[in-house]
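Asks:
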Amino acid sequence: MASPYAANGNAAMLSATGLTKRYRSGVATLTVLEGLNLEIRRGETLAIVGESGAGKSTLLHLLGGLDEPSAGTVRCLGADLYAMNESARARHRNRTMGFVWQQHALLPEFSAEENAAMPLLVAGVSRGEAIERARARLRDVGLSARASHRPGELSGGEQQRVSLARALAAGPLILLADEPTGNLDPDTASGVMDLIFELHGGHGLTSVIVTHNLEFAERCDRVLKLKTGSADERAGVHRPAGREVSGR
Ligand SMILES: Nc1ncnc2c1ncn2[C@@H]1O[C@H](COP(=O)(O)OP(=O)(O)OP(=O)(O)O)[C@@H](O)[C@H]1O
Ligand SMILES: [Mg+2]
């Protein structure tokens with residue numbers, strides 16, 4: 077079968093067209109994203125910033141194929157994510173994307189290397205090979221010496237490093253991170269931030285990072301600022317004031 081990526085050339089790695097997300101609750105509608113257009117190029121680092129509730133996580137989940145838009149499309153390497161059924165989307169996601177969350181979401185009863193190997197084990201890779209590849213990623217994040225430790229025996233920064241190793245275990249092209257340094261003290265955050273840029277370059281990634289950390293955002297190639305609109309209580313509709321993408 078021809079590679080689904082072959083025809084992509086220099087096109088966008090990830091793109092959104094007319095992306096809209098609304099939540100309905102009774103008669104009220106909350107419009108979180110409306111008609112957002114975005115193109116993320118191969119090798120780019122994009123920061124998504126904006127106040128709490130502006131829709132940053134919503135957008136990241138939509139870009140990652142983890143939610144359903146109310147309208148609009150998301151394309152990953154040219155493939156329309158929401159035209160696929162859920163299992164095809166999950167396969168596409170597992171082949172192309174790695175995720176890091178604010179809460180590390182590591183499994184407490186497994187060691188660092190088992191946690192890092194988890195995406196490979198889920199994908200059906202043999203245990204021996206999965207552990208070997210996980211160890212290589214733990215080396216990349218400077219945690220070889222902690223491979224057999226459980227998450228509860230690791231510091232917050234180390235737990236995020238394991239999360240990064242897990243995100244990269246299956247060799248993704250795209251890294252999606254939602255406030256990866258949000259729970260860390262400034263020095264530890266700075267170390268994790270440096271590591272993300274190092275991994276981004278070293279693994280040839282395209283990275284989308286939701287962050288409240290302005291230093292982190294400024295180090296990215298581009299910053300997308302989401303704004304929260306004002307509620308229109310008469311109509312029960314909450315509209316965003318507009319979206320801007322600023323380049324650097
Ligand atoms: N499942 C849901 N049902 C209804 N409303 C939701 C749902 N998920 C999110 N929202 C609302 O959508 C808006 C955007 O949420 P989102 O989590 O994307 O914000 P955010 O920018 O990531 O905020 P934060 O910086 O606090 O993480 C919020 O007003 C939130 O309450
Ligand atoms: Mg959020």
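Numbering-wise (the working numbering), the sequence shown opens with residue 77 and increments by one.
Positions of the beta carbon are idealized from the N, C-alpha and C atoms, including for glycine.
For ligand 2, is there a heavy atom less than 6 Å away from the beta-carbon of Lys-132?
Replies: Lys-132: yes, Cβ under 6 Å from ligand 2.
Asks: Just checking Ser-128 against ligand 1 - is the residue's beta carbon closer than 6 Å to any of the ligand's heavy atoms?
Replies: At least one heavy atom of ligand 1 is nearer than 6 Å to the Cβ of Ser-128, so yes.
Asks: What's the gap between the Cα of Glu-189 and the Cα of Gly-233?
Replies: Computed Cα separation, rounded: 16 Å.
Asks: Beta strand (DSSP E) containing Gly-174: first to last residue?
Replies: Unbroken beta strand (DSSP E) run through Gly-174: 173-176.
Asks: How about Ala-243: is its C-beta nearer than 7 Å to some C-beta of chain D?
Replies: Annotation note: the requested chain D is absent from the structure, which comprises a single protein chain.
Asks: Across the stretch 253-263 and the stretch 107-122, are there enough close Cβ pairs to call them in contact, namely three or more that are closer than 8 Å?
Replies: Because the criterion of three Cβ pairs below 8 Å is not met, the stretch 253-263 and the stretch 107-122 do not touch.
Asks: Cβ of Ala-253 within 7 Å of Cβ of Ile-285?
Replies: A contact, by the Cβ cut-off of 7 Å.
Asks: Rounding to the nearest angstrom, what Cα-Cα distance links His-314 and Ala-246 in this structure?
Replies: Below a pLDDT of 50, predicted positions are generally treated as unreliable, and His-314, at 35, falls in that range; the measurement from the model is reported next regardless. Taking the straight line joining both Cα atoms gives about 40 Å.
Asks: Measure how close the beta-carbons of Ser-91 and Leu-122 come, nearest whole angstrom, since I'm counting them as under 8 Å.
Replies: Between Leu-122 and Ser-91 the Cβ distance is about 12 Å, and since that is not below 8 Å, they are no contact.
Asks: Return the residue from the list Leu-197, Val-238, His-180 that minimises the CA-CA distance to Asp-216.
Replies: If we check each option's Cα against that of Asp-216, Val-238 comes out closest.
Asks: Taking the DSSP output, what are the residues bridged to Thr-121?
Replies: Thr-121 is bridged to Ser-283.
Asks: Need the endpoints of the beta strand (DSSP E) that Asn-113 sits in, please.
Replies: Counting along the chain, the beta strand (DSSP E) containing Asn-113 begins and ends at 104-116.
Asks: In whole angstroms, what separates the C-alpha of Leu-249 from that of Gly-129?
Replies: Looking at the two C-alpha atoms, the distance is approximately 28 Å.
Asks: Please name the residue in Ser-146, Val-268, His-137 whose C-alpha comes closest to that of Arg-100.
Replies: Nearest C-alpha to Arg-100: Ser-146.
Asks: For Ser-91, name the three-state secondary structure that DSSP assigns.
Replies: Three-state DSSP puts Ser-91 in a strand.
Asks: Ala-246 by DSSP, collapsed to three states: which one?
Replies: Here Ala-246 sits in coil by DSSP.
Asks: Could you check if Arg-203 is buried or exposed, using at least 16 other CB atoms within 10 Å of its CB as the buried criterion?
Replies: Exposed.
Asks: Write down the C-beta distance between Gly-174 and Ala-223 rounded to the nearest angstrom, noting that I regard them as a contact closer than 8 Å.
Replies: Between Ala-223 and Gly-174 the Cβ distance is about 19 Å, and since that is not below 8 Å, they are no contact.
Asks: If contacts are defined as beta-carbon pairs under 8 Å, then Ala-206 and Ala-241 qualify, I think. What distance do you get, rounded to the angstrom?
Replies: Rounded, the Cβ-Cβ distance is 12 Å, inconsistent with contact.
Asks: Note down the Cα distance separating Gln-235 from Val-103, rounded to an integer number of angstroms.
Replies: Their backbone Cα atoms lie some 42 Å apart in a straight line.
Asks: Would you mind giving the Cβ-Cβ distance between Gly-119 and Thr-282, rounded to the nearest angstrom? I have them listed as a contact below 8 Å.
Replies: Gly-119 to Thr-282, Cβ: 6 Å. Contact.
Asks: Leaving out five residues before and five after Gly-94 in sequence, what residues of the same chain have Cβ atoms less than 8 Å from its Cβ?
Replies: The residues are Gly-111, Leu-112, Asn-113, Ala-147, Gly-148, Thr-149.
Asks: Taking 7 Å as the limit between beta carbons, can you name the residues of its chain near Glu-127, skipping five residues before and five after?
Replies: Here the set comprises Thr-304.
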